[in-house]
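A.B. asks: In my numbering, the protein residues as written are 4 to 293.
The beta-carbon is built from N, C-alpha and C at its ideal position, and this holds for glycine as well.
Structure in structure tokens, see below.
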């Protein structure tokens, strides 16, 4: 029996493998979360300098991308060895501290790894071995990276949202989750829906209620799920976002004037819709019908 036949015939084995791969991918996602905003900042500064006819401000800085330089401790610049980079295990063995200088390691790192593995396991169990699961795993990991970046920087990078958009339209060519017309309409309607909300809020209050990254993210989610689930995504994200906002204000005394990123709530709602959108919509319609 080949490995493919074994994984296809054993949902439990495939789920365990997906969790293990998810933990490894989670380690890479931490690199993306940390470096992508820095790479974008460098690019913006270079573009501004070019427009002003000035020399590039980071020309003398070392290369920074997703593969270079090697990961280091931000406190002592100690190079992270392979043994210090084992997902979850290294953090536990080092008790959450750098092995060289004993500076605390952000809890974000094991949390992202754990979430990556857990969500991968859920996807694998839900779809089983096959192309839908492979596509949904890429969808899941990209959403996770985008969500954490938005939480940290209130920024949804085009490198992630537009990647999701084009991948969603690509998988629609094969009808994995939605047919191509539904995906195209979903992308158009998703972007337009939040753009109209943004413009209406700006006209009424003179303020910007959300960023353009949110429009692109909902467009990407519409491409993956089809236009049929956009209302479900918006309702779920708004509900969870409102509950989270109230909880932060009540329990953590968060200032109401401080903006809260909407991207993570959109991402969570879109992920739920991709996995369980049909039964959720059926239950909602039954509830409406009494």
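For residue 48 and residue 65, I'd like the C-alpha separation in whole angstroms.
C.D. replies: Straight-line Cα distance between these residues: approximately 15 Å.
A.B. asks: Since residue 142 and residue 230 are thought to touch, with beta carbons under 8 Å apart, how far apart are those beta carbons, to the nearest angstrom?
C.D. replies: The pair is not a contact, with the Cβ atoms about 17 Å apart (cut-off 8 Å).
A.B. asks: Output yes or no for whether 7 Å exceeds the beta carbon distance between residue 225 and residue 190.
C.D. replies: Cβ distance < 7 Å, so residue 225 and residue 190 count as in contact.
A.B. asks: Around the Cβ of residue 164, are there at least 16 other Cβ atoms within 10 angstroms (buried) or fewer (exposed)?
C.D. replies: Buried.
A.B. asks: Going by alpha carbons, who is nearest to residue 88 out of 78, 79, 108?
C.D. replies: Of 78, 79, 108, the residue nearest in Cα terms is 108.
A.B. asks: Taking a contact to mean a Cβ-Cβ separation below 7 Å, would you say residue 10 touches residue 17 in this structure?
C.D. replies: In this structure, residue 17 lies closer than 7 Å to residue 10 by Cβ.
A.B. asks: Enumerate in chain order the residues of its own chain whose CB-to-CB distance from residue 243 is below 8 Å, with the five nearest sequence positions on each side excluded.
C.D. replies: Counting only Cβ-Cβ distances below 8 Å, and skipping sequence neighbours, we find 268, 271, 272.
A.B. asks: Across the segment 118 to 128 and the segment 22 to 41, are there enough close Cβ pairs to call them in contact, namely three or more that are closer than 8 Å?
C.D. replies: Short answer: they touch.
A.B. asks: Closest to residue 44 by C-alpha separation, out of 199, 192, 158, would be which residue?
C.D. replies: When each option's Cα is compared against that of residue 44, the closest is 158.
A.B. asks: Can you tell me the Cβ-Cβ gap for residue 171 and residue 127, rounded? I've got them flagged as a contact below 8 Å.
C.D. replies: Their Cβ separation, rounded to whole angstroms, is 20 Å, which puts residue 171 and residue 127 out of contact at 8 Å.
A.B. asks: Identify which residue in 155, 145, 131, 134 has its Cα closest to the Cα of residue 111.
C.D. replies: Here the closest residue by C-alpha is 155.
A.B. asks: Where residue 116 and residue 95 are concerned, what is the direct C-alpha to C-alpha distance, given to the nearest angstrom?
C.D. replies: Taking the straight line joining both Cα atoms gives about 13 Å.
A.B. asks: In terms of DSSP beta bridges, what is residue 82 paired with?
C.D. replies: Bridge partners of residue 82: 75.
A.B. asks: Go through its chain and collect everything with a Cβ distance to residue 233's Cβ below 8 Å, but skip five positions before and after it.
C.D. replies: Cβ within range, chain order: 189, 192, 193, 196, 221, 224, 225.
A.B. asks: Give the secondary structure of residue 107 by DSSP, where H, G and I count as helix, E and B as strand, and everything else as coil.
C.D. replies: Note: residue 107 maps to strand in three-state DSSP.
A.B. asks: Could you give the distance in angstroms between the alpha-carbon of residue 113 and the alpha-carbon of residue 248?
C.D. replies: If I take the Cα positions, the gap works out to 25 Å.
A.B. asks: Less than 7 Å separating the beta-carbons of residue 75 and residue 82?
C.D. replies: Yes, these two residues count as a Cβ contact at 7 Å.
A.B. asks: For the alpha helix (DSSP H) holding residue 58, just list the boundary residues, first then last.
C.D. replies: Residue 58 -> no alpha helix (DSSP H), and no H or E assigned at all.
A.B. asks: Do the CB positions of residue 69 and residue 38 come within less than 7 Å of each other?
C.D. replies: Cβ atoms of residue 69 and residue 38: closer than 7 Å.
A.B. asks: Give the range of the alpha helix (DSSP H) segment to which residue 213 is assigned.
C.D. replies: From DSSP, residue 213 is part of no alpha helix (DSSP H); its letter is neither H nor E.
A.B. asks: In angstroms with no decimal places, state the Cα-to-Cα distance between residue 105 and residue 77.
C.D. replies: Cα-Cα distance, rounded: 12 Å.
A.B. asks: Kindly indicate which three-state DSSP category residue 100 falls into: helix, strand or coil?
C.D. replies: Three-state DSSP puts residue 100 in a strand.
A.B. asks: If you compare alpha carbons, which of 131, 80, 245, 32 is closest to residue 263?
C.D. replies: For the residues 131, 80, 245, 32, the minimum Cα distance to residue 263 belongs to 245.
A.B. asks: Assign residue 181 to one of three DSSP states: helix, strand, or coil.
C.D. replies: Correct three-state label for residue 181: coil.
A.B. asks: Is the beta carbon of residue 208 less than 7 Å from the beta carbon of residue 284?
C.D. replies: Cβ atoms of residue 208 and residue 284: not closer than 7 Å.
A.B. asks: Helix or strand or just coil, what does DSSP make of residue 65?
C.D. replies: Looking at residue 65 - three-state DSSP - the assignment turns out to be coil, as it is neither helix nor strand.
A.B. asks: Quick one: complete beta strand (DSSP E) runs, 3+ long, within the segment 129 to 156?
C.D. replies: Within the segment 129 to 156, no complete beta strand (DSSP E) run reaches 3 residues.
A.B. asks: Looking at residue 162 and residue 266, is the spacing between their C-beta atoms short of 7 Å?
C.D. replies: Taking 7 Å as the Cβ cut-off, residue 266 and residue 162 do not qualify as a contacting pair.
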